[in-house]
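Since the structure comes first, as structure tokens, the remarks are kept for the end.
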Ligand SMILES: Cc1cc2nc3c(=O)[nH]c(=O)nc-3n(C[C@H](O)[C@H](O)[C@H](O)COP(=O)(O)OP(=O)(O)OC[C@H]3O[C@@H](n4cnc5c(N)ncnc54)[C@H](O)[C@@H]3O)c2cc1C
Ligand SMILES: NC(=O)c1ccc[n+]([C@@H]2O[C@H](COP(=O)([O-])OP(=O)(O)OC[C@H]3O[C@@H](n4cnc5c(N)ncnc54)[C@H](OP(=O)(O)O)[C@@H]3O)[C@@H](O)[C@H]2O)c1
Ligand SMILES: Cc1cc2nc3c(=O)[nH]c(=O)nc-3n(C[C@H](O)[C@H](O)[C@H](O)COP(=O)(O)O)c2cc1C
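Residue numbers (the numbering used here): 23 to 640.
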């Protein structure tokens, strides 16, 4: 077939060029070009810098793998702890469905690995948690894929979207591991992996566009099916999408109350904050979190500006699209100034006249660098490595955007219509000779007045939800601020008149000063909303007592609850508590279920797979 001026929109020169090119292309090249052109059209109608970046991704030779013509099955698998990767997976699945693909959208631990070979396309969207660890609902799949049992995947084409936070040592490690392993198993990458920092929306959209563009010529089968969803359905949770407010457009929530929950004499300060959602259209479910856009400490901002001798009122660019603000507001609201990372130091090097900074950045000084950035902030860097050639206008090239902080919701919307309650513990410590405070918890403890407005969004967490069956028993382990979502759970069960039994394990330092929401639990116990409460106050006795000790003391009964279908929830510290509670659970299952350690691990994995062991840990 030849193109002519009469049967096409092209000029005779263009038609001639195309007629020359097309017969030289292989089938694979033709298919790829089809996808490329669809995407090229999309990106060139309004070529923003981010879109150009996608084009760059598409131009990378490794992207050039081609979709065949036949109807296609795509598996979109997510591993997500706090819901981000899951939400993005839903978005990709919808896009591929629109393109005519048969799509399976699934949490990794719900996906049958023997289906892997059936998928022509495999898309992995996964975050990294812990210290470079997979999220809970990715763990079994991660282990399977990295084991000897993993199948060869020569026929599979794939791409990975990795979510992470560049301030962690193992940035996006889980996504990187999947990417490398799939390639090792013979699968072919159709779009390069995209590693996303906390401000992931734009990069994730680029990746989704790139995938969609690369596939657009492949999935046009009219027989295309609706998205098959296994695991927790992305669309089943309350959609804050019904509201005009979101992560990228936060709602200014009025502060209705801000109380310290700790008694006089406590060495901790925990704020119970009530916010109004009136007029927002926002809704949430117990288990969801609120994202808070905070502000830096004004004293730290002042110190930075006066150290550099700049003018507070100078106008600086803060956004990629050229948005501006005063220097003071930019440092107060927009940029992160309390965390140092290697990429940040690398960016500052061109503004530094200090050879020691260049020395620190050398690969052989990796450990020294790690040690330096730990616990130091931007002001430390400025003071330690003078002289600087920065102008205020250079900040945008160096500092990342201040990320929002997440807080587990401590209220039920049914119990408190148009309100959301948070439990925020103040972070305070001394490091490198200076008193330091958590950005958000410092702000909410010290400067957030009743009547002020706090920019927030709702972060759905489909992986931390009450059982659908209100008769199912629930066991909740939540020391410290980890107890917050359980206030929401129990309030919700009270409102719904749920009949299921409930058991709370709570712990903190001292009974007298640190028993968060004590009167709530006591009322709920009296009224039968809470069936059992076990507490562990770690610093009231010579020997420390933690929640897991109370679990072990009640091991037989706890196992019976699990056998009766209880759902197990753990919230709070990720680093130590969650691991120790996990170990205690394994012990209890082994001891009272008469199981070997391996069988106990399988039992717990199965609970996790059934959504009966859920964790919200940080
Ligand atoms: C899903 C989820 C739910 C959460 N729910 C809650 C909640 O209900 N309540 C709550 O209070 N928090 C909760 N958090 C934690 C919360 O998001 C913030 O991380 C926390 O409030 C600290 O934020 P910040 O801005 O005050 O401190 P940041 O400015 O972020 O500082 C915290 C950092 O300071 C450093 N640091 C802290 N202590 C020390 C120390 N002793 N020595 C050296 N360095 C130290 C650590 O690097 C730490 O990461 C949750 C987190 C997640 C992900
Ligand atoms: N990722 C982040 O940015 C971030 C920010 C803020 C807080 N956090 C973490 O979130 C956690 C929650 O903080 P929190 O202030 O609400 O409470 P917390 O520090 O976890 O303390 C609550 C209770 O748990 C006890 N505890 C300590 N180690 C434990 C363990 N291994 N197993 C069981 N219980 C243990 C504490 O005892 P003792 O104190 O007496 O040992 C205390 O009685 C903190 O551990 C903190 O590290 C993370
Ligand atoms: C407790 C905790 C640990 C984390 N550890 C890492 C890490 O080791 N590496 C990393 O790149 N990101 C880390 N992150 C950042 C998350 O990957 C990031 O917030 C991501 O957007 C979460 O996506 P999800 O909601 O799909 O789980 C961590 C986040 C939390 C709360």
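Even glycine gets a Cβ: it sits at the ideal position worked out from N, Cα and C.
Remember, it's a predicted structure, so these values are computed and weren't measured experimentally.
- Remark: the C-beta of residue 218 is outside contact range of ligand 1, defined as less than 7 Å to any heavy atom.
- Boundaries of the beta strand (DSSP E) harbouring residue 525: 524-530, taken from the DSSP string.
- When beta bridges are read from the DSSP output, residue 431 appears opposite 444.
- When DSSP states are grouped into helix, strand and coil, residue 567 belongs to the coil group.
- Within the same chain, 495, 497, 523, 525 come within 8 Å of residue 583 by CB-CB distance, once the 5 residues on both sides are set aside.
- Look at the beta carbons and you see the region 294-308 not touching the region 370-382: under three pairs across the two are nearer than 8 Å.
- In this structure, residue 314 lies near residue 427, with their beta-carbon atoms less than 8 Å apart.
- Under DSSP, residue 475 shares a beta bridge with 276.
- At a cut-off of 4 residues, the continuous stretches assigned as alpha helix (DSSP H) that sit fully inside the region 262-340 are 320-330.
- Look at residue 183 here: in three-state DSSP terms it is strand.
- Residue environment for residue 475: exposed (fewer than 16 other C-beta atoms within 10 angstroms of its C-beta).
- If one requires a minimum length of 3 residues, the beta strand (DSSP E) runs lying completely within the region 117-141 are 124-129, in chain order.
- Taking C-beta atoms as the reference points, residue 531 and residue 290 count as a pair closer than 8 Å.
- Under the three-state reduction of DSSP output, residue 406 falls in the helix class.
- Relative to ligand 1, even the nearest heavy atom lies 7 Å or more away from the CB of residue 509.
- When only Cα atoms are considered, residue 163 and residue 534 end up about 45 Å apart.
- Separation of residue 267 and residue 209 (C-alpha to C-alpha, rounded to the nearest whole angstrom) is 40 Å.
- Around the beta-carbon of residue 465, 16 or more other beta-carbon atoms lie within 10 Å, marking it buried.
- Under the DSSP assignment, residue 166 falls in the alpha helix (DSSP H) whose first and last residues are 161-167.
- Excluding residues up to 5 positions away in sequence, 100, 101, 147, 148, 149, 185 lie with their Cβ nearer than 7 Å to the Cβ of residue 107 in the same chain.
- Taking a contact as a CB-CB distance under 8 Å, the pair residue 143 and residue 94 counts as one, their CB atoms being some 6 Å apart.
- Pairwise C-beta distances place the region 408-417 out of contact with the region 478-494, as fewer than three of them are shorter than 8 Å.
- DSSP, read as helix, strand or coil, puts residue 371 in helix.
- A distance below 8 Å separates the beta carbons of residue 217 and residue 194.
- Closest in C-alpha terms to residue 180, from the list 602, 42, 624, 141, comes 141.
- DSSP places residue 346 inside the beta strand (DSSP E), whose first and last residues are 346-348.
- A distance below 6 Å between beta-carbons, with the five flanking residues on each side excluded, links residue 229 to the following residues of its chain, in chain order: 183, 216.
- When DSSP reads this structure, residue 452 sits in a beta bridge with 457.
- Within the chosen limit of 7 Å, ligand 1 does not reach the beta carbon of residue 117 with any heavy atom.
- Residue pairing from DSSP places residue 589 in a beta bridge opposite 496.
- Relative to ligand 1, residue 111 has its C-beta separated by 7 Å or more from all heavy atoms.
- Taking residue 189 as the centre and dropping the five residues before and after it, the same chain places the C-beta of 361, 363 closer than 8 Å to its C-beta, in chain order.
- Judged by their CB atoms, residue 447 and residue 500 are not nearer to each other than the 8 Å cut-off.
- Taking a contact as a CB-CB distance under 8 Å, the pair residue 96 and residue 118 counts as one, their CB atoms being some 5 Å apart.
- Of 145, 131, 554, 575, the smallest CA-CA separation from residue 156 is found for 131.
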